[in-house]
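Taking this note's numbering, the leading residue of the sequence shown gets 135, the next gets one more, and so forth. The block underneath contains the structure these notes are about, expressed in structure tokens.
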Amino acid sequence: MYKGFRVAAVIPALNEEQAIGKVVKELVQLTFNSESEQATSVIDQVVVCDNGSTDATAANAEAAGAHVVRQDQPGYGIACLTALEWLEQQQLKNLQNKKQQAYDIILFVDGDDSCFIEQAERLLAGIASGDDMAIGSRTLGTIEQGALTPPQLFGNWLSSRLIRLFWRQPVTDLGPFRAIRQSALKQLAMADQTFGWTVEMQVKAAMLQLKTSEYPVDSKVRIGRSKISGTVKGTVLAGFGILTMIARLRLFGFSGPELSPTKENTQ
Numbered sequence: 135m136y137k138g139f140r141v142a143a144v145i146p147a148l149n150e151e152q153a154i155g156k157v158v159k160e161l162v163q164l165t166f167n168s169e170s171e172q173a174t175s176v177i178d179q180v181v182v183c184d185n186g187s188t189d190a191t192a193a194n195a196e197a198a199g200a201h202v203v204r205q206d207q208p209g210y211g212i213a214c215l216t217a218l219e220w221l222e223q224q225q226l227k228n229l230q231n232k233k234q235q236a237y238d239i240i241l242f243v244d245g246d247d248s249c250f251i252e253q254a255e256r257l258l259a260g261i262a263s264g265d266d267m268a269i270g271s272r273t274l275g276t277i278e279q280g281a282l283t284p285p286q287l288f289g290n291w292l293s294s295r296l297i298r299l300f301w302r303q304p305v306t307d308l309g310p311f312r313a314i315r316q317s318a319l320k321q322l323a324m325a326d327q328t329f330g331w332t333v334e335m336q337v338k339a340a341m342l343q344l345k346t347s348e349y350p351v352d353s354k355v356r357i358g359r360s361k362i363s364g365t366v367k368g369t370v371l372a373g374f375g376i377l378t379m380i381a382r383l384r385l386f387g388f389s390g391p392e393l394s395p396t397k398e399n400t401q
């Protein structure tokens, strides 16, 4: 719990056996110190969506303290949606049994150890101070050499410029490290199943005039090979997905053709 807010962390992961245990453990062990309180655990629940891994990602995540759900349909967005669906089901059960209250904040983290988990407090502090969504901006922080490829840097710059142009929203990064109030997340009616997930979230938040702020976060070279930037095909598909989402939201807004999430597999 962070300053009275219950926090759940969501991690989509595909073949991240080398890094996922470290990321989950750091989230589980993350504490907050204040002058009036002793150190308390910040993250109340960690959910990893194993997006069809063929390695020990699921086992390592579970061993480190996460609950693991599985979604075999490939896609960053569908993995996030699957984890969120499990959280929603658990919250309903807990509320019915009067065990726990609903989660107030959802923290999204990648499972590749490319971010500094302790900097999540910057995002959570933003929410606690009144933000609806807090984006971790790598552009405003320090990017370790090799952490982002030239195509990633250019694509991020281009997408950010388009969002500023079309929606007058000051954006410097579409990074995955972010926190959002659960109440705000539900308003967004997230639907993208692939690489347009982060831009869909930011653009819809701008369209609804939700209070969104960016906070500097640092980026380091990930553990293992990226399934997106590590291949030409992955880079092209990611760029196409992001630009397609921007175009669709610009042309159709919320009334455009939505992708319907497929049935999740949870365990």
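Ideal Cβ placement from N, Cα and C applies to all residues, glycine included.
Beta-carbon spacing of residue i, residue j below 7 Å
i           : j           : result
residue 200 : residue 176 : no
residue 330 : residue 375 : yes
residue 293 : residue 306 : no
residue 191 : residue 251 : no
residue 158 : residue 198 : yes
residue 311 : residue 245 : no
Sequence-distant residues of the same chain with beta carbon closer than 6 Å to residue i, five excluded per side
i           : result
residue 347 : 260, 265 and 268
residue 209 : 327 and 328
residue 173 : 165 and 167
residue 428 : Nothing about residue 428 can be read from this structure; the chain reaches only from 135 to 401.
Cutoff 7 Å: residue i Cβ touching any chain D Cβ
i           : result
residue 163 : The chain inventory of the structure shown lacks chain D, comprising one protein chain alone.
Among the options, nearest to residue i - alpha-carbon criterion
i           : options               : result
residue 349 : 143, 256, 138 and 145 : 256
residue 354 : 280, 167 and 138      : 280
residue 383 : 351, 371, 336 and 237 : 336
residue 243 : 236, 217, 233 and 232 : 217
residue 215 : 339, 320 and 249      : 320
residue 205 : 258, 253, 240 and 147 : 147
residue 212 : 287, 262 and 145      : 145
residue 352 : 228, 274 and 178      : 274
residue 263 : 324, 388 and 345      : 345
residue 178 : 236, 207, 203 and 196 : 236
Where residue i falls, given that 16 or more other Cβ within 10 Å makes a residue buried
i           : result
residue 373 : buried
residue 359 : exposed
residue 272 : buried
residue 278 : exposed
residue 381 : exposed
residue 185 : buried
residue 403 : Because residue 403 is not part of the residues shown, which for the chain are 135 to 401, the question remains open.
residue 143 : buried
residue 138 : exposed
residue 136 : buried
Other residues of its chain near residue i: CB distance less than 7 Å, five sequence neighbours each side excluded
i           : result
residue 151 : 189, 190, 191 and 194
residue 247 : 153, 156, 157, 356 and 357
Beta bridge counterpart(s) of residue i as assigned by DSSP
i           : result
residue 136 : 139
residue 166 : 174
residue 146 : 183
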